[in-house]
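There are 2 protein chains.
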Amino acid sequence: MTIRDYIVSFVDPSFPDDAPLPFPVSEMRLKKNHVLTSIGQTEARAYFIQQGIVEISMNNDGNEKILEFFFPGQFTCAYTSFLTQRPSDVRLTCLTDCVLEMFERRHLMEAYTTSLLANQIGRYATEQIFLMRTKREKEFLTISAEERYLNLMKERPDILSIIPVNKIAKYLGVHPESLSRIRKHIS
Amino acid sequence: MTIRDYIVSFVDPSFPDDAPLPFPVSEMRLKKNHVLTSIGQTEARAYFIQQGIVEISMNNDGNEKILEFFFPGQFTCAYTSFLTQRPSDVRLTCLTDCVLEMFERRHLMEAYTTSLLANQIGRYATEQIFLMRTKREKEFLTISAEERYLNLMKERPDILSIIPVNKIAKYLGVHPESLSRIRKHIS
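Going line by line, the protein sequences match chains A and B.
Going by the numbering used here, the first sequence opens with residue 179, and the numbers climb by one from there.
Going by the numbering used here, the second sequence opens with residue 179, and the numbers climb by one from there.
This is the structure we're talking about:
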């Protein structure tokens with residue numbers, strides 16, 4: 179999926195094939211482990227994932243926490259830093275080789291002042307990120323690590339073949355040994 | 179602050195005094211403890227708080243969790259249900275007497291199809307809610323209840339005179355007794 183496909187699917191089904199996007203984008207091909215945004219960096223770009231997985235992580239006294247995995251068909255960036263223009267407290271890393279569409283924050287901000295379509299895209303993408311974050315928060319508040327693991331397997335059944343188990347444990351907020359126990363218990 | 183003031187402050191400084199809003203709003207005056215949205219209800223409305231505080235809470239096996247307090251100058255609703263049109267798993271309650279501007283989801287959705295301004299408002303308000311939720315998630319992952327309490331006091335120094343201590347404990351995710359210990363420790 180490309181940004182153009184995203185627009186047709188979710189924002190404006192009548193978006194013409196030959197109409198220009200409301201902001202310039204360029205394609206990037208990046209290798210696994212490439213860091214898109216470092217902690218401390220102020221986010222000036224955003225990405226749309228065509229292929230691959232991007233991980234958002236943060237450091238807590240040397241202890242890595244994984245906040246989210248982003249998959250093809252999703253926008254991603256260090257969004258808090260992107261919005262506030264303060265240094266990022268999260269790191270964006272390509273968890274696999276990635277093909278991304280990249281666009282500059284300043285171009286998006288410019289488009290936001292006049293373009294209905296740019297605002298529809300930005301609003302819809304932000305709504306989706308809000309839904310992801312809220313779902314995760316509610317899961318942390320209300321269900322066990324085992325249930326969170328089962329939900330993840332249901333939503334992303336292929337995740338275990340792509341993402342190392344220690345990263346899934348960091349995402350679920352459990353020790354790798356606890357995740358092994360959960361997995362044994364389920365199988 | 180009204181929606182009109184919000185637009186001028188955050189979205190379009192040149193918005194004319196006499197221009198119509200992109201969707202109809204009506205004022206509501208509600209008493210303390212009024213439930214705006216019940217658990218199980220599908221959210222069809224959203225609100226802008228002119229005066230008062232709105233609480234968003236959820237139930238976990240009879241155990242109440244407070245997800246967020248909303249203050250004057252903020253939009254609020256059961257936003258996950260509003261976006262997905264599935265039954266809400268949160269409850270919206272007026273924690274104090276409130277003056278709200280209310281608007282219907284269907285009017286907003288209609289405005290989203292053609293109005294640049296409606297999309298700019300929706301995008302900006304969603305960005306702000308995203309920032310709130312993400313900040314809260316990061317705080318839960320990285321700092322102690324005592325530090326979360328100190329942050330809350332710094333950001334909302336008047337909160338203790340308005341919101342009962344047991345509700346603040348539910349918001350911080352600690353037992354009321356732990357919050358008492360934290361408060362004694364600090365003073």
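Yeah, the Cβ is synthetic: ideal placement off N, Cα and C, and Gly gets one too.
Bear in mind that the values here come from a model prediction, so they are computed numbers and not experimental data.
Kindly indicate if chain B contains any beta-carbon less than 7 Å away from that of Ile368/A.
This structure cannot settle anything about residue 368/A, because the visible part of chain A is limited to 179 through 365.
Residue of Phe193/A, Thr271/A, Thr220/A minimising C-alpha distance to Arg284/A
With distances taken between Cα atoms, Arg284/A lies closest to Thr220/A.
Could you tell me which chain A residues have their CB closer than 8 Å to the CB of Asp267/B, listed as they occur along the chain?
Here the neighbours are Lys316.
Using 8 Å as the cut-off, can you tell me whether the stretch 276 to 294 of chain B makes contact with the stretch 332 to 340 of chain B, which would need three or more C-beta pairs spanning the two stretches below that distance?
Output reads no: the stretch 332 to 340 of chain B does not touch the stretch 276 to 294 of chain B.
Around the Cβ of Pro200/B, are there at least 16 other Cβ atoms within 10 angstroms (buried) or fewer (exposed)?
Its Cβ being crowded by 16 or more others within 10 Å, Pro200/B is buried.
Interface flag, Leu294/B vs chain A, CB-CB below 7 Å
With 7 Å as the cut-off, Leu294/B counts as an interface residue toward chain A.
With distance defined between alpha-carbon atoms, name the residue in Leu357/B, Ala347/B, Asp190/B nearest to Arg301/B.
Cα-wise, what sits closest to Arg301/B is Asp190/B.
Helix or strand or just coil, what does DSSP make of Lys209/B?
In the three-state reduction of the DSSP assignment, Lys209/B falls in the coil class.
If you draw a straight line from the alpha carbon of Arg182/A to that of His353/B, how long is it in whole angstroms?
Each residue's alpha carbon lies about 49 Å from the other.
State yes or no: is the beta carbon of Ile337/A nearer than 7 Å to at least one beta carbon in chain B?
For Ile337/A, the answer is no, since every Cβ of chain B falls outside 7 Å of its Cβ.
How would you write the range of the beta strand (DSSP E) that Ala224/A sits in, first residue to last?
From DSSP, the beta strand (DSSP E) with Ala224/A extends over 223 to 229.
Examine chain A for any beta-carbon lying closer than 7 Å to the beta-carbon of Glu305/B, and answer yes or no.
Under the Cβ criterion of 7 Å, Glu305/B is counted among the residues facing chain A.
Suppose the cutoff is 7 Å on Cβ atoms and the five residues either side in sequence are ignored; what does the same chain contact list for Gln229/B look like?
Pro250, Cys276, Val277.
Sort out for me which residues DSSP pairs Glu279/A with in a bridge.
Answer by DSSP bridge pairing, in chain order: Glu205/A, Phe226/A.
Limits of the beta strand (DSSP E) - the one that Met236/A falls within
For Met236/A, the enclosing beta strand (DSSP E) covers residues 232 to 238.
Report back the beta-carbon spacing between Arg269/A and Val232/A to the nearest angstrom; my notes put them in contact at under 8 Å.
Wrong, their Cβ atoms sit about 10 Å apart, outside the cutoff.
Out of Ser204/B, Ile360/B, Ser266/B, Thr254/B, which one is the CA nearest neighbour of Cys272/B?
For the residues Ser204/B, Ile360/B, Ser266/B, Thr254/B, the minimum Cα distance to Cys272/B belongs to Thr254/B.
Limits of the beta strand (DSSP E) - the one that Thr271/A falls within
Element bounds for Thr271/A: 269 to 272.
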